[in-house]
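In what follows, a structure is listed as structure tokens, so that the remarks can point back to it.
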Amino acid sequence: ERYKLCRIVCEKRNGWTLKSFCRGSYAAVCTKTWRLGLQSNRCVSPHTEWIEKVMQETACCVDATVRTKGKPQVPEADNATRAFCMKHCDDAIDREREFLSKEVYALCRDHLI
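Below, the structure is given as structure tokens:
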């Protein structure tokens, strides 16, 4: 699977930090539904719950939004998330880059401990 990490992690409205994305992604169980050419996954992990949208043809996750129902506000980005966004997502072309599974794992390796 591939991920548009800049869209997912760096947009505040989605509610992710790099740590929460990594921990959630590698410990989640997802159920799939299809609608209008997009596959939607409702995912639940011990850390968080979210809905992600996956392009069916390319198997690329283009959006993932944390469910914040009942919480006072969307969590703020931490230093690691800000650093990732400034390094990898500053340019308009870089923001649309698809990260491969092995690249996501390389980024997440430190956050899985």
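Mapping of the sequence shown onto the working numbering: position 102 corresponds to residue 162, and the numbering continues sequentially without gaps. All C-beta atoms in this analysis are idealised placements derived from N, C-alpha and C, irrespective of residue type, glycine included.
Under three-state DSSP, which class holds T93?
On the sequence shown, residue 93 is found 33 positions in, with the first residue counted as 1. Of the three classes helix, strand and coil, the one that applies to T93 here is strand, per DSSP.
Looking only at its own chain, which residues have a Cβ that is under 7 Å from the Cβ of V104, when we skip the five neighbours before and after it?
Here residue 104 is taken as the residue at index 44 of the sequence shown, counted from 1. For V104, where only same-chain residues beyond five positions count, the Cβ hits under 7 Å are A88 and V89.
Answer yes or no: do L167 and L65 have a C-beta to C-beta separation smaller than 9 Å?
Numbered from its first residue, the sequence shown carries residue 167 at position 107. Numbered from its first residue, the sequence shown carries residue 65 at position 5. In this structure, L65 lies closer than 9 Å to L167 by Cβ.
Helix or strand or just coil, what does DSSP make of Y86?
Reading the sequence shown from its first residue, position 26 is the one you call residue 86. In the structure shown, Y86 sits in coil (DSSP, three-state: anything other than H, G, I, E or B).
Under three-state DSSP, which class holds C120?
Numbered from 1 along the sequence shown, position 60 holds the residue referred to as residue 120. Residue state, collapsed to three classes: strand.
Check whether the Cβ atoms of E136 and R67 lie closer than 9 Å to each other.
As a working note, residue 136 is residue 76 in the sequence shown. As a working note, residue 67 is residue 7 in the sequence shown. Cβ atoms of E136 and R67: not closer than 9 Å.
Would you tell me roughly how many angstroms separate the C-alpha atoms of D170 and E117, rounded to the nearest one?
Numbered from its first residue, the sequence shown carries residue 170 at position 110. Numbered from its first residue, the sequence shown carries residue 117 at position 57. Using only the alpha carbons, I get a separation of about 31 Å.
Output the distance between the C-alpha atoms of T77 and Y165, rounded to the nearest integer angstrom.
Position 17 of the sequence shown holds residue 77. Position 105 of the sequence shown holds residue 165. When rounded, the distance between both Cα atoms is 15 Å.
N101 and V122 look like a contact to me (Cβ under 8 Å); what is the Cβ gap, rounded to whole Å?
Within the sequence shown, the letter at position 41 stands for residue 101. Within the sequence shown, the letter at position 62 stands for residue 122. Rounded, the Cβ-Cβ distance is 12 Å, inconsistent with contact.
Let me check understanding here. Comparing Cα to Cα, which of P106, S80, W110 and S161 lies closest to T91?
Taking the sequence shown and counting its residues from 1, the one referred to as residue 91 is at position 31. Nearest option by C-alpha distance: W110.
Where V126 and L96 are concerned, what is the direct C-alpha to C-alpha distance, given to the nearest angstrom?
Position 66 of the sequence shown, counted from the first residue, corresponds to residue 126. Position 36 of the sequence shown, counted from the first residue, corresponds to residue 96. Roughly 22 Å between the two C-alpha positions.
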